[in-house]
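Scroll down for the structure; my scribbles are underneath it.
Numbering (full-length UniProt numbering), first residue to last: 1 to 279.
And the structure:
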């Protein structure tokens, strides 16, 4: 009896060990897989000293979405790998913003006026401040027209800290309200799900996918399919897998645009062909 029990327990631990490996692999893919597409972009900007091809609004969307997801965790705890994924993504987006701001400031031919989150430091305001020494910079000096166009990295940190504090306090007082907690969770994943929508709209408006990286969209699609399957299999909150399905649908729509506009000549392609014939 003891020998039989020994072999049964050995088989059990061997099976459990294999399941652990699979579980940890999937968890690691969830935590770090989302930032992989941005590593080549980071290296490219660093190598070329040119950040014009990267939209910093991608960073804005992901910073807001992942901050809301972390706040949602306090009201509706979910799997730790998904929480760690948000922390890693926020760190990555801040690194991207720091690089982009540094490159733009360094390569600007004509130095632009300093624009800050809590003030606009142009010459006119500086003159006013010098003439009224009691005037100091405050959050009330924020100007919407320069939103996410600030010239120093500290302003982006100040914005993120302000947004996190406001939403954190709001969650603290509403943590017992089911509707509020679930709405914050929905907004977190919905904002992230709409990440590809501006690209889809741009392609639709121009009737062309010229200049868009097909490899990037393919990586998006593969990652979102894996992520959505992980949400469903691990029984994540319903907001996660519903918005995951939406995200996959947007990715597939962009890939469909690639096929359609490859077959149907777009005005952009016709213009380029005309220029090549006349040159």
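Each residue gets a CB set at the ideal place from its N, CA and C atoms; glycine is no exception.
Residue 248 counts as buried, since no fewer than 16 other beta carbons sit within 10 angstroms of its beta carbon.
Burial state of residue 196 is buried, judged by a 10 Å Cβ sphere holding 16 or more other Cβ atoms. A residue is called buried when at least 16 other Cβ atoms come within 10 angstroms of its Cβ; residue 239 meets this threshold and is buried. Under the three-state reduction of DSSP, residue 205 is assigned to helix. Of the residues 103, 251, 61, 257, the one whose Cα lies closest to the Cα of residue 163 is 61. Proximity of the region 45-56 to the region 68-76 falls short of the contact definition, fewer than three beta-carbon pairs being nearer than 8 Å. Between the beta-carbon of residue 38 and that of residue 107 there is about 20 Å, and that puts the pair past the 8 Å contact cut. Taking C-beta atoms under 8 Å as the contact rule, residue 254 and residue 199 qualify, at a distance of about 6 Å.
Below 8 Å, too few C-beta pairs join the region 174-182 and the region 79-91 to call them touching: fewer than three.
Straight-line measurement puts the Cα of residue 65 at about 10 Å from the Cα of residue 184.
Per DSSP, the unbroken beta strand (DSSP E) holding residue 116 starts and ends at 114-116.
The residue from 168, 191, 158, 115 with its alpha-carbon nearest to that of residue 146 is 115.
With 16 or more other Cβ atoms from the protein chains shown falling within 10 Å of its own Cβ, residue 192 counts as buried. Non-local beta-carbon contacts of residue 237 in its own chain, meaning distances under 7 Å to residues more than five positions away in sequence, involve 76, 78, 185 in chain order. Positions of the alpha helix (DSSP H) runs, each at least 4 residues long and wholly inside the region 163-244, are given as 178-193, 197-206, 214-233 in order along the chain.
Secondary structure at residue 92: helix, using DSSP grouped into helix, strand and coil.
At the C-beta level, residue 212 and residue 203 come within 8 Å of one another.
Runs of alpha helix (DSSP H) with 4 or more residues, each lying fully within the region 16-59, are found at 38-48, listed in chain order.
Just measuring C-alpha positions, the residue of 222, 242, 100 sitting nearest residue 188 is 242. By the CB criterion at 8 Å, residue 190 and residue 159 fall outside the cutoff.
Judged by DSSP in its simplified three-state form, residue 158 adopts helix. In this structure, DSSP gives residue 153 a helical state, which the three-state scheme calls helix. Of the candidates 227, 46, 101, 251, 101 places its Cα closest to the Cα of residue 149. In the structure shown, residue 148 adopts coil according to DSSP, grouped into three states.
A straight line joining the alpha-carbon of residue 165 with that of residue 174 spans about 14 Å. Of 209, 169, 97, the smallest CA-CA separation from residue 155 is found for 97. Counting only residues of its own chain and dropping the five nearest sequence neighbours on each side, residue 99 has a CB closer than 6 Å to the CB of 45.
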